[in-house]
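As structure tokens, the structure follows; a few thoughts come after it.
Protein chains: 2
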Amino acid sequence: MTDSGSFSQFGICDGARAGRPWHAEARLAFQRTTSLHKIERAAGALLGMEADAAKAVYFVLSGWLASSKSLRNGQRQIVDIQLPGEFIDTRLSDMQASATQIETLTPVTLAVVPRGNWMRLLQEYPEILARHERDVAAVLSRMSERMLRLGKSSAQARIAYTLIELGLRSSAFGPGESQEFHIPMTQQSLGDFTGLSSVHVCRTLGQLERMGVVSTNGHMDILIHDIEQLAAIAEIDVALLRGELNSAA
Amino acid sequence: MTDSGSFSQFGICDGARAGRPWHAEARLAFQRTTSLHKIERAAGALLGMEADAAKAVYFVLSGWLASSKSLRNGQRQIVDIQLPGEFIDTRLSDMQASATQIETLTPVTLAVVPRGNWMRLLQEYPEILARHERDVAAVLSRMSERMLRLGKSSAQARIAYTLIELGLRSSAFGPGESQEFHIPMTQQSLGDFTGLSSVHVCRTLGQLERMGVVSTNGHMDILIHDIEQLAAIAEIDVALLRGELNSAA
DNA sequence: CGGTTACTTGACGCGCGTCAAAACCCGTGG
DNA sequence: CCACGGGTTTTGACGCGCGTCAAGTAACCG
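One line per chain: the protein sequences are A and B, in this order. Be aware that the first sequence starts at 1, since it is given in full-length UniProt numbering, and climbs by one per residue. Be aware that the second sequence starts at 1, since it is given in full-length UniProt numbering, and climbs by one per residue.
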């Protein structure tokens, strides 16, 4: 279980490490069963309110998306962020206690599995079923980690954890202490993700910067100087982080 | 989609409403494919650290369980609560950034699907596959709702929401304004569930009581006087709540 | 170059955590 | 029957983290 284990920790797209990205395989499987409907969207678009492909299962081929819930007064919580190689089930969005919405953070391309085909796909293609099971496990796993920080951690820990999660998942990390990558979100949306106000996101990034742990250029370009200390602030088990970094590199 | 819709909102066990509980069917299916291994545990026991049935998928036949994550300093967050008719996948518990643990809140009986049999079960029994898909959707749905409150709502909203969620899911609600039921948790664990300190849980329950919305006898016996107002405090769409109550009754 | 959207910084207040002590509840054993 | 002890709930005092309001700066775009 090293495979599903390392996969599940941060929901890393392990196919991407193996050379040939998993989406390639998935696309093949999709094409065999359903006419592979591919759609593209610009950054900042909303998904799922269109009449045409309503209530489908999407598969992210490229780009970042965020699914969020919001209260009547406009308060918003980003519940998860989807990266290439992951599934999005818009069937979750209807009939809930609060409004759900999925938006693109970058330009994206998605494969669309129409509603009716999904169960058939799962039953006929064990590989897709297994992959989907692992994807679901990864989603639950990282949502749980985030709930833990939402409920019980300081702003510093939440920001630090988010930086590491997104860095690892986007496969932006190489070996070594320093890591540099870009997060296609505003501080406002980072706040919606971490349960903080945009103002406090700014302050907290400033604190981390003054501590010498990271640098930012003021536009979500992140440079991590001391990833071990950042992990300590994020309250992540450093041994586990090491393992992740090794398998990611 | 009224079926999966009403199911997914609060993860209600819709089988329980339909007369014959779904677990009965599930048990039959399990028995056909695997020797149905049934285990019982007392209240307050820990699950999954035993050597025998390690890393299995469980199916709750009776009783309440809580799965939680905790930080190195002892801070704990209950990530979800499992009721009869729901699945528990202990494979999620290994290899994560924080320790996961599953404990019983009441005496429970569980059906155990050994690790190797799970994927086979899904592939061979479409009914179980479909059921599991819906269960996963319900878990994600209610975890999202809770994340929204964890990140963006006051203590009152979190407590109010939790009371309604647990009342609805345990099918304790009948028609009418008043609802009475028992939650088998201490204020401490309610705090771990809502991201509050036990002290503040107590205060907040006191506030709700002084507002005339609920009564408690000091031991987690809850009596809801005005469920509409409680839903308003919980920031739940009242129309949706109405629908849930109707389909639950 | 003006308008718009993002980031930054300061001042202020409140919600909720923490510490601490008291009241209660229940099971156990003398 | 009461004494005792551990776990839970309740209540008060106090302080800090983070939200909010507001003003100012910087970057981007037509």
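We put the CB at the ideal spot given by N, CA and C, even for glycine. Here the structure is a predicted model, which means the values were calculated and not measured.
Note that the C-beta distance between A42(B) and P107(B) is below 8 Å. Apart from the 5 residues on each side of it in sequence, R115(B) sits with its Cβ closer than 6 Å to the Cβ of K55 and A56 in its chain, given in chain order. In chain order, R72, A97 and S98 make up the part of chain B whose C-beta sits under 8 Å from the C-beta of D237(A). Short of 6 Å from the beta carbon of Q82(B), and not among the five residues preceding or following it, lie these beta carbons of its own chain, in chain order: V60, L65 and I88. For A138(B), the number of other beta carbons within 10 angstroms of its own is at least 16, and it is reported as buried.
Membership of R142(B) in the alpha helix (DSSP H) is indicated by the continuous run P126 to K152. Looking at the DSSP output, I88(A) sits in a beta bridge with Y58(A).
For P84(A), no CB of chain B lies under 8 Å from its own CB, so it is not counted at the interface with that chain.
Here the alpha carbons of V201(B) and I183(B) stand approximately 14 Å from one another.
At a cut-off of 8 Å between C-beta atoms, Q75(B) counts as an interface residue with respect to chain A. The three-state secondary structure of F181(B), taken from DSSP, is strand. Within the segment 134-151 of chain A, those residues whose Cβ lies closer than 8 Å to any Cβ of chain B are, in chain order, V136, A137, V139, L140, S141, M143, S144, E145, R146, M147, L148, L150 and G151.
In the structure shown, Q101(B) adopts extended strand secondary structure according to DSSP, grouped into three states. Put simply, the segment 188-199 of chain B touches the segment 146-159 of chain B. At least three CB pairs are less than 8 Å apart. For the 8 Å CB-CB criterion, H225(B) and V238(B) do not form a contact. If you check the CB distance, K69(A) and A99(A) come in under 8 Å. It is roughly 26 Å from the alpha-carbon of G167(B) to the alpha-carbon of R149(A). For a Cβ distance threshold of 9 Å, nothing in chain B lies close to Q179(A): the least Cβ distance comes to about 17 Å.
The beta carbon of A56(A) sits no closer than 8 Å to any beta carbon of chain B. DSSP places T106(B) outside any alpha helix (DSSP H), giving it a letter other than H or E. For the options L245(A), I102(A), L240(A) and R142(A), the alpha carbon positioned closest to that of A172(A) is the one of L245(A).
For E209(B), the three-state secondary structure derived from DSSP is helix. Between T90(B) and E40(B), the C-beta gap is not smaller than 8 Å, which leaves the two residues out of contact. Neighbourhood of L122(A) in chain B, by CB distance below 7 Å: L129, in chain order. Here the C-alpha atom of K38(B) lies approximately 6 Å from the C-alpha atom of V112(B).
The beta-carbon of M119(A) is placed less than 8 Å from the nearest beta-carbon of chain B.
DSSP, reduced to helix, strand and coil, places S170(B) outside both helices and strands of the structure shown, so it counts as coil. Using beta-carbon distances, V213(B) does not count as an interface residue toward chain A, since no partner is under 8 Å. Annotation: A234(B) to S67(B) spans about 23 Å, alpha carbon to alpha carbon. The three-state secondary structure of D192(B), taken from DSSP, is helix. Counting along the chain, A66(A) sits inside no alpha helix (DSSP H); it lies in the beta strand (DSSP E) bounded by residues L65 to S70. Listed along chain A, no residue sits closer than 7 Å to V201(B) by beta-carbon distance, the nearest being about 13 Å off. Taking the Cβ atoms as the reference, E165(A) lies roughly 21 Å from R131(A), outside the contact range of under 8 Å.
For E40(B), there is no enclosing alpha helix (DSSP H); the residue is found in the beta strand (DSSP E) stretching over H37 to R41.
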